[in-house]
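Reading through the structure tokens given below for one structure.
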Amino acid sequence: MIIKQAEFIKSATKPAQFTDPVFPEIAFAGRSNVGKSSLINTLVNRKNLVKTSSKPGCTQLINFFTINDEISFVDLPGYGYAKVSKTIRTQWAPMVDRYLSVRKNLMGVILLIDIRRDPGKEEFELMDWFAKRRIPFLTVLTKADKLSRTKQQKRLAILTKTLERRKEDLILFSSKTRQGREMVLGEIAALLPS
Ligand code: GTP
Ligand code: MG
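The sequence shown begins at 1 in the UniProt record's numbering and counts up one residue at a time.
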């Protein structure tokens, strides 16, 4: 997949505000600070299409982007950040669950997990929602640059087991070195209708 154009469309919290479901859509989900916004910027070769921050909890809305005027990308709000207000924390699950349930054009989700962290209750909850709705998903292990190649392989083996997935469903990724970028783009292309 070659990305020629990428454009921010809008932010939303509820279905009435979502974009018209005209393009096949790919959503990005994961814990706060895991690198969702950085991953999208790396995929589309832009430094600041999506705002990133070293402060977790930066993305608290559902953000819609259009790619090449034919695909839609969605940056979902992050979870698991204790310091955001309770209101925001309690809004996350219904907001994301509702998004997943109504989006008929959703072709798949990229679930991001920091390579150094073990998945928590939210990751398993998300995977349950994907399974319930038969939404295909791919797991991207972010911040791979923080570990040596040997340690990356070790974590890949451990996480494959913990998540009960096949090794080929997990991708080692770094927005810093761009490791895994082509692989993620290839997998996204495979999720899209041909
Ligand atoms: P929220 O919007 O808060 O949910 O966070 P996010 O998942 O969008 O994370 P974001 O992309 O804003 O990145 C969070 C921090 O991690 C930033 O300081 C990034 O520079 C850093 N970061 C993201 N990806 C990588 C990576 O691959 N390697 C390294 N070393 N740092 C990264
Ligand atoms: Mg973000």
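Note that the Cβ used here is the ideal one computed from N, Cα and C, for glycine as well.
- Nearest to Lys-176 by C-alpha distance, out of Ile-71, Ser-194, Leu-163 and Lys-36, is Lys-36.
- Note on geometry: alpha-carbon atoms of Phe-130 and Val-109 lie some 8 Å from one another.
- Residue range 121 to 132 is occupied by the alpha helix (DSSP H) that includes Asp-128.
- For Lys-10, the enclosing beta strand (DSSP E) starts and ends at 6 to 12.
- Residue pairing by DSSP puts Val-109 in a beta bridge opposite Ala-27 and Phe-137.
- No heavy atom of the ligand MG is found nearer than 6 Å to the CB of Ser-11.
- Of all C-beta pairs linking the region 63 to 76 to the region 2 to 19, three or more are shorter than 8 Å, placing the two stretches in contact.
- Distance between Asp-20 and Gly-30, taken at the CA atoms: about 24 Å.
- Its chain contains Leu-138 as the residues whose beta carbon lies nearer than 6 Å to that of Glu-187, once the 5 sequence neighbours on both sides are disregarded; these appear in chain order.
- By the beta-carbon neighbour count (other beta carbons within 10 angstroms, threshold 16), Arg-103 is buried.
- For Thr-66, the three-state secondary structure derived from DSSP is strand.
- The straight-line gap separating the alpha-carbon atoms of Ile-171 and Val-140 is approximately 5 Å.
- Taking C-beta atoms as the reference points, Met-107 and Leu-191 count as a pair closer than 7 Å.
- In the three-state DSSP reduction, Leu-170 falls in the strand class (E or B).
- Secondary structure of Ser-194 (DSSP, three-state): coil.
- DSSP places Val-22 outside both helix and strand once states are collapsed to three, so it counts as coil.
- For Lys-36, the shortest C-beta to heavy atom distance toward the ligand MG is below 6 Å.
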